[in-house]
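Note that numbering that gives the first Met the number 0 has the sequence shown beginning at 0, numbered continuously upward.
Here a beta-carbon is modelled for each residue, glycine too, at the ideal position from N, C-alpha and C.
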Amino acid sequence: MVEFSRIEIERAKKASAIIFNTFEELDFDILDHLSSTFPPCYGIGPLNLLENEYDDKSLASIKSSLWKEESECLKWLDCKPPLSVIYVNFGSITVMTRQQLIEFCWGLAKSHCSFLWIIRQDLVIDGSAALPPEFLAETRNRGMLASWCLQEEVLSHPSIGGFLTHCGWNSTIESISNGVPMICWPFFADQQPNCWCSCNKWGIAMEIDNDVKSDEVAKLVIELMNGEKGKKMRKNVIDLKNKGGKSCASPSGSSVGNLEKVINLLKTSLK
């Protein structure tokens with residue numbers, strides 16, 4: 000991993016520019032610092048918002064997911080009140096122990112909140128992701144389980160009030176661009192720094208301890224969905240959502256302008 004990082008850093012130094020799926024109003028200090036060491040660094044995100052500025056149906060064909068998407072999730076959400084559902088998804092790579100899965104189960108049960116939980120069959124290390132029958136019985140009227148979903152559409156749904164996530168960058172920026180506060184359970188790679196920034200720099204998330212316990216899960220879910228801290232986090236993330244939207248709005252948005260700079264740079268280099 001160290002050798003891989005070293006090689007990638009050396010390659011990056013040879014580039015004409017480096018682009019990031021973020022926006023200046025969120026990460027200006029980081030982009031500015033990186034530009035002092037590397038070639039010019041440009042934030043051209045959130046990409047899901049920038050895409051909306053371009054009426055190009057061919058973009059839909061390049062979207063992909065490693066898993067089958069389930070439209071039933073959206074139909075279920077349509078029946079729920081605004082900001083009443085917590086969305087739970089640990090992505091396509093994160094794994095956990097059987098005991099950690101059980102703790103998350105009973106944490107959600109104890110919170111008494113409605114939830115949409117995306118569970119992969121390979122989520123549990125060396126074991127089955129089957130959930131306890133007692134948990135399924137207790138939450139049958141307020142829980143929805145699926146193997147995958149249209150995450151962007153789920154996060155933009157009015158019934159979603161929070162996101163329990165591994166805090167990978169795609170999930171983080173999608174949550175920000177939809178104004179959804181988070182509970183973070185980072186696992187590896189960029190997830191820890193993403194979590195730190197979300198909790199301590201931007202004030203839009205809370206972190207679950209790695210040694211997850213059901214009581215802590217329940218406490219954080221309740222605070223996120225109904226507590227004063229949750230309200231403040233929601234206000235902060237909606238503010239960032241609005242800034243992200245402006246960054247992608249033509250013609251004066253920072254991300255739109257940065258994309259134009261990159262395009263012009265490429266045109267110049269091809270002459």
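Per-residue DSSP class, three states only, for residue i
| i | result |
| --- | --- |
| Val87 | strand |
| Thr267 | helix |
| Ser175 | According to the sequence shown, residue 175 is Ile rather than Ser. Of the three classes helix, strand and coil, the one that applies to Ile175 here is helix, per DSSP. |
| Ser127 | coil |
| Val216 | helix |
| Gln120 | coil |
| Lys260 | helix |
| Ile237 | helix |
| Trp147 | coil |
| Lys79 | coil |
Sequence-distant residues of the same chain with beta carbon closer than 7 Å to residue i, five excluded per side
| i | result |
| --- | --- |
| Val84 | Leu76, Ser113, Phe114, Leu115, Ser158, Ile159 and Gly160 |
| Glu151 | Asn47 and Glu173 |
| Asp208 | Glu215 |
| Cys40 | Ile17, Phe19, Leu30, Leu33 and Ser34 |
| Phe103 | Val211 and Val216 |
| Ser176 | Pro45, Asn47, Leu48, Lys240 and Gly243 |
Rounded straight-line distance, which links the Cα of residue j to that of residue i
| i | j | result |
| --- | --- | --- |
| Glu215 | Met181 | 15 Å |
| Ser251 | Leu269 | 26 Å |
| Cys196 | Leu265 | 32 Å |
| Ser253 | Ser246 | 5 Å |
| Thr36 | Cys198 | 27 Å |
| Ala11 | Ser110 | 46 Å |
| Cys78 | Phe134 | 22 Å |
| Cys183 | Thr267 | 42 Å |
| Ala136 | Gly142 | 10 Å |
| Ala14 | Gln98 | 45 Å |
| Leu258 | Pro131 | 49 Å |
| Ile262 | Ala248 | 17 Å |
Residues near residue i by beta carbon distance below 8 Å, same chain, minus five either side
| i | result |
| --- | --- |
| Trp66 | Low confidence applies to Trp66: its pLDDT is 46, below 50, so where it sits in the model is not reliable, and the reading given next is rough at best. Same-chain partners within the cutoff: Ser91, Arg119, Ser146 and Trp147. |
| Ser170 | Asn88, Gly90, Gln150, Phe162 and Thr164 |
| Leu122 | Phe89, Thr93, Val94, Met95, Leu100 and Ala128 |
| Lys231 | Gly202 |
Span of the alpha helix (DSSP H) around residue i
| i | result |
| --- | --- |
| Ser110 | Arg97 to Ser110 |
| Ile6 | Val1 to Lys12 |
| Ile29 | Glu23 to Ser34 |
| Val153 | Gln150 to Leu154 |
| Glu137 | Pro132 to Glu137 |
| Pro192 | Gln190 to Trp195 |
| Asn47 | Leu46 to Leu49 |
Beta-bridge pairing of residue i - partner residues as DSSP gives them
| i | result |
| --- | --- |
| Met205 | Ile182 |
| Ile224 | Just to set this straight, residue 224 is Met in the shown sequence, not Ile. In DSSP, Met224 forms no bridge with anything. |
| Gly142 | Phe114 |
beta-carbon residue i near the ligand ADP non-hydrogen atom, thresh 7 Å
| i | result |
| --- | --- |
| Asn199 | The ligand ADP is absent from the structure shown, which contains no ligand whatsoever. |
Start and end residues, beta strand (DSSP E) containing residue i
| i | result |
| --- | --- |
| Gly252 | That residue, Gly252, is in no beta strand (DSSP E); it is neither H nor E in DSSP. |
| Ile159 | Ile159 to Thr164 |
| Cys40 | Cys40 to Gly42 |
| Phe19 | Ile17 to Phe19 |
Cut-off 6 Å between Cβ atoms - residues of its own chain near residue i, not counting five sequence neighbours on either side
| i | result |
| --- | --- |
| Glu222 | Lys228 and Gly229 |
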